[in-house]
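Numbering (our numbering), first residue to last: 720 to 937.
By construction, the Cβ of each residue, glycine as well, lies at the ideal position given by its N, Cα and C atoms.
Data first, discussion second: the structure below is written as structure tokens.
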Amino acid sequence: MIKKIFKYSFIIAIIGLLFIFVLDYYIQKTTSKYIYSTSNNIPNCYTALVLGAKVYNDGSLSGILRDRVNTALELYKVGKIKRFLLSGDHGREDYDEVNQMKIYLQNKGVKEVDIFLDHAGFDTYNSAYRAKHIFLVNDVIIISQGFHIKRAVYIARKLGLDAYGIKADKRSYSIARKMVIREKLANVKAFFELLSNKKPTYLGEQISIKEDSKKSYD
Numbered sequence: 720m721i722k723k724i725f726k727y728s729f730i731i732a733i734i735g736l737l738f739i740f741v742l743d744y745y746i747q748k749t750t751s752k753y754i755y756s757t758s759n760n761i762p763n764c765y766t767a768l769v770l771g772a773k774v775y776n777d778g779s780l781s782g783i784l785r786d787r788v789n790t791a792l793e794l795y796k797v798g799k800i801k802r803f804l805l806s807g808d809h810g811r812e813d814y815d816e817v818n819q820m821k822i823y824l825q826n827k828g829v830k831e832v833d834i835f836l837d838h839a840g841f842d843t844y845n846s847a848y849r850a851k852h853i854f855l856v857n858d859v860i861i862i863s864q865g866f867h868i869k870r871a872v873y874i875a876r877k878l879g880l881d882a883y884g885i886k887a888d889k890r891s892y893s894i895a896r897k898m899v900i901r902e903k904l905a906n907v908k909a910f911f912e913l914l915s916n917k918k919p920t921y922l923g924e925q926i927s928i929k930e931d932s933k934k935s936y937d
């Protein structure tokens, strides 16, 4: 009996690992033509979706998040996008990614009218789903680092967004190697979220990306 349990456990583990690596290959293969390293040839889109990351206690953006916001700002300055959708974690009063991104952009001269906030972008799936169904985004450039951008574009396109991705890698990141493994597992989570058409943590009232941005503020 113990031998049988070990045998079947081993087979299940092999199948599981095979699925993880096949899915990772599929995501890379199907999204590569939509992902860019610079703004030179990326198609113009109405919206830039900036995915949240860590903000420090003093309100300053972590290196990863600052690089994402700066990449979006570069797209804005060269006319590749018209609106920012800043999507991140603002689930607690004492932690706020989205307003800190907004302040950063305003300090760089971006008009408030062009900045929309998604306070419930708790993960990539939530951000992409809400961009489509709450903010009524159609075409979008997603901004994230290379270790993450493929999954983000995969999710967005499966949800029906005309999505492109740009890599925000402006330096080496100490967590990059760790994130490679994490992303392979996160791919599986995304696959089943899409398969089940999972609803995000919060939905709420629709706020079109082409309307008044102040409706998205807290």
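Separation of D837 from F729, as counted between CA atoms: 43 Å
Secondary structure of S758, DSSP reduced to three states: coil
Whole-angstrom distance between H809 and P919, CA atom to CA atom: 15 Å
Whether I754 touches G879 by CB criterion (8 Å): no
Strand pairing of A882, partner residues [DSSP]: V859
Inter-residue spacing [alpha-carbon to alpha-carbon] between N759 and I731: 46 Å
Inter-stretch contact at 8 Å, needing at least 3 Cβ pairs: the stretch 895-912 / the stretch 821-836: no
Contact check, I860 vs L794, beta carbons under 8 Å: yes
Sequence-distant residues of the same chain with beta carbon closer than 7 Å to Y775, five excluded per side: S781
Length at least 3, wholly inside the stretch 864-924: the beta strand (DSSP E) runs in chain order: 881-886
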